[in-house]
């Protein structure tokens, strides 16, 4: 099950909080990153698969941006996006494989 | 188990709540005096504030009874080895010692050591069961006053979910 | 001969295929049998009627503390309050009791049920608020306090009766049941846990001092007084807190999915006694 | 509704009394989730049981007694049908009492 392994990885990465943002970010960068993260988070909530941590990271990103810390804000927003995407991937995968777990 | 109307008690409650004494209508002066006395007595009978402030066993025993305790195997302390939740730890104390007049339960690792103290008049058995909060793993000490002397026994109770959240 | 092989093959494929494709036939009776067998085999020394006592059925130390607390359980206040609320007249003179058969006494085992008119699952908590709404009264917070008091009273008056959930032969009822089952087995949250991860696979295991309750009959003890909460909680509260514990967003209380999973899980508890309100660590 | 629940059963010369009281028993170490401030200690200080004019049991409680506190004790000299008066006072001066019969 390759998708499964991928999701495991995504979950692990998201828990570890790894991101790829290493540049000096501007407000525009933050806005773009936040917009993408928010859209992903909304999608996850709509699918009823959201993670509590996603919203936490979004809020933290907003807070960082409010004090001008755009590097940090972008990093947090990217992380939120990664969390939201992992949760969506989780839901899609589970929709297929949940019957395997049923007691029979 | 029917609750009976208890007018004087309601009055006493009002006094304790700080309601104006004059507000207690329909009672004679003698009744009033009696009520106030009862109210004061309840305070004077009192709650040992000093003892409840102490942070170790010796301090509690000194404040409560003015003496120290010796170990006794005639006290049965029933407490769980592992508390299901520190907020509600059922603890019972029983003793076969003669002329028991008081029982106290101490938890040294709580912010304050004394949790509960009980007065046992003549005719009442040397037994009490209650539920206590424990902040973390601690020794629990049961102290029994028998014939004017203090005796104690203890037991370790493991707490993984602290109970100061109660 | 050849035909026989074909049939055998068809059966094998037929049973194996749903596992892979996920579009299997919904068969509550078979699920029920397998579910109960799983737990009775996993805990061979447990009396069947003891499963509803959750952690207290499988840990001697916890059981002793529970028995001590049951001598005078803190949920008594909730039961008394619930009783009072049931018969307290609304502004229109009617009462909560009027909304239920037998004035709400001894009927908890019939909830949730499938409402053929609306095509939806109606839980006891939903029914209470629907009654209030219908009578122009303020609805209750689904998670605790008054809602827990009313359901505690209704559970208390139903003690000893067996859970009796019906799944009518109606595709909508079966669909609701199936959605509930899916919800139960679907992993969610950042911890990637399903309801079943804890209450099927890990049932009976210790998580710190907590013992994970078996899913069999888990709702028969609801609502519960939890020392951890320092108060009463309803099924709605249990579901939302389970979700957040695995870092999944909780749904709104009485969301369709929660009602469906309650439907599924209650059906699995059929034949086991109502013991609510319960106490839990 | 009374804050006091009471059960007393006599067998022979001994009466076993159990009581449960509805009270928050705030320890003083818990923060209010909304305000972030510590909730001040609020607990029963004295709980008393009186049988035919005589105090048969007194509990002196601090903030480390559990929420909705419970107590059990036993005494001699009472019989079925006798009344027992239970009363409590807390550190904020609130109080309640109940007179109930031994069952």
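Protein chains in written order, with our numbering: chain V, 96 to 199; chain S, 44 to 209; chain P, 20 to 300; chain C, 1068 to 1170.
Every residue gets a Cβ at the ideal spot worked out from N, C-alpha and C, and that includes glycine.
query: Leaving out five residues on either side along the sequence, give the residues of the same chain with a beta carbon under 6 Å from the beta carbon of residue 146/V.; result: 178 and 182
query: Output the boundary residues of the beta strand (DSSP E) element that contains residue 194/S.; result: 192-200
query: Rounded to the nearest angstrom, what separates residue 273/P and residue 258/P at their Cα positions?; result: 10 Å
query: Taking residue 131/S as the query, report the chain C residues whose CB atoms sit under 7 Å from its CB, ordered along the chain.; result: 1133
query: Considering only residues of the stretch 203-251 of chain P, which uninterrupted beta strand (DSSP E) runs meet the minimum length of 3 residues and lie entirely inside it, listed in chain order?; result: 243-245
query: When DSSP labels each residue in this structure, what does residue 174/V get in the three-state scheme?; result: helix
query: Enumerate in chain order the residues of its own chain whose CB-to-CB distance from residue 125/V is below 6 Å, with the five nearest sequence positions on each side excluded.; result: 160, 165, 168 and 169
query: Interface residues of chain S around residue 1136/C at Cβ under 8 Å?; result: 173 and 174
query: Between residue 66/S and residue 155/S, what straight-line distance do the alpha-carbon atoms span, to the nearest angstrom?; result: Annotation note: pLDDT 29 at residue 66/S (below 50); position unreliable, no value reported.
query: So, helix, strand or coil for residue 120/P, using DSSP?; result: helix
query: Could you give the distance in angstroms between the alpha-carbon of residue 250/P and the alpha-carbon of residue 105/S?; result: 37 Å
query: Should the stretch 162-177 of chain S be called in touch with the stretch 1135-1151 of chain C, which here means at least 3 C-beta pairs below 8 Å?; result: yes
query: Would you kindly work out how many angstroms separate the C-alpha atoms of residue 1092/C and residue 130/P, rounded to a whole number?; result: 35 Å
query: Is it buried or exposed, residue 84/P, if we count other Cβ atoms within 10 angstroms and call 16 or more buried?; result: buried
query: Name the chain A residues whose beta carbon is nearer than 8 Å to that of residue 278/P?; result: Of the protein chains in the structure, V, S, P and C, none is chain A.
query: Exposed or buried, residue 1087/C, counting other C-beta atoms within 10 Å across all chains shown (16 or more means buried)?; result: buried
query: Kindly indicate the opening and closing residues of the alpha helix (DSSP H) around residue 189/S.; result: Element bounds for residue 189/S: not the alpha helix (DSSP H) but the beta strand (DSSP E), 181-189.
query: Note down, in chain order, all residues in the stretch 244-273 of chain P with a beta-carbon under 7 Å from any beta-carbon belonging to chain C.; result: 249
query: Would you list the residues sitting across from residue 297/P in a DSSP beta bridge?; result: 243/P
query: Going by the C-beta, is residue 1158/C closer than 7 Å to any heavy atom of the ligand FMN?; result: In terms of ligand content, the structure shown is empty, and the ligand FMN therefore cannot be addressed.
query: Among 192/V, 137/V, 175/V and 144/V, which has the Cα closest to the Cα of residue 267/P?; result: 144/V
query: Count the other C-beta atoms from every protein chain shown that fall within 10 angstroms of the C-beta of residue 68/S, then say buried if there are 16 or more, exposed otherwise.; result: With a pLDDT of only 34 at residue 68/S, under the threshold of 50, the placement of this residue in the model should not be trusted; the figure read from the coordinates follows. Exposed, since its Cβ has fewer than 16 Cβ neighbours within 10 Å.
query: Helix, strand or coil, according to DSSP, for residue 40/P in the structure here?; result: Low confidence applies here, because residue 40/P scores a pLDDT of 41, under 50, leaving its location unreliable and the question unanswered by this model.
query: Excluding five sequence neighbours on each side, which residues of the same chain lie with their C-beta closer than 8 Å to the C-beta of residue 1074/C?; result: 1084, 1085, 1086 and 1170
query: Would you verify that the beta carbon of residue 140/P is, or is not, closer than 8 Å to some beta carbon of chain V?; result: no
query: If I follow the unbroken alpha helix (DSSP H) through residue 1115/C, where does it start and stop?; result: Per DSSP, residue 1115/C belongs to no alpha helix (DSSP H); it is in the beta strand (DSSP E), 1111-1118.
query: Figure out for me which residue from 127/V, 142/V, 138/V and 184/V has the closest Cα to the Cα of residue 156/V.; result: 127/V
query: Which residue comes first and which comes last in the alpha helix (DSSP H) that contains residue 165/P?; result: 164-175
query: In terms of residues, what are the limits of the alpha helix (DSSP H) holding residue 54/P?; result: 47-61
query: Does DSSP classify residue 1165/C as helix, strand or coil?; result: strand
query: Rounded to the nearest angstrom, what separates residue 84/S and residue 147/S at their Cα positions?; result: Any reading at residue 84/S must be qualified, since the residue scores a pLDDT of 39, below 50, and its modelled position is unreliable; no value is offered.
query: By Cβ distance, which residues of its chain are closer than 8 Å to residue 194/P, with the 5 residues on each side in sequence left out?; result: 45
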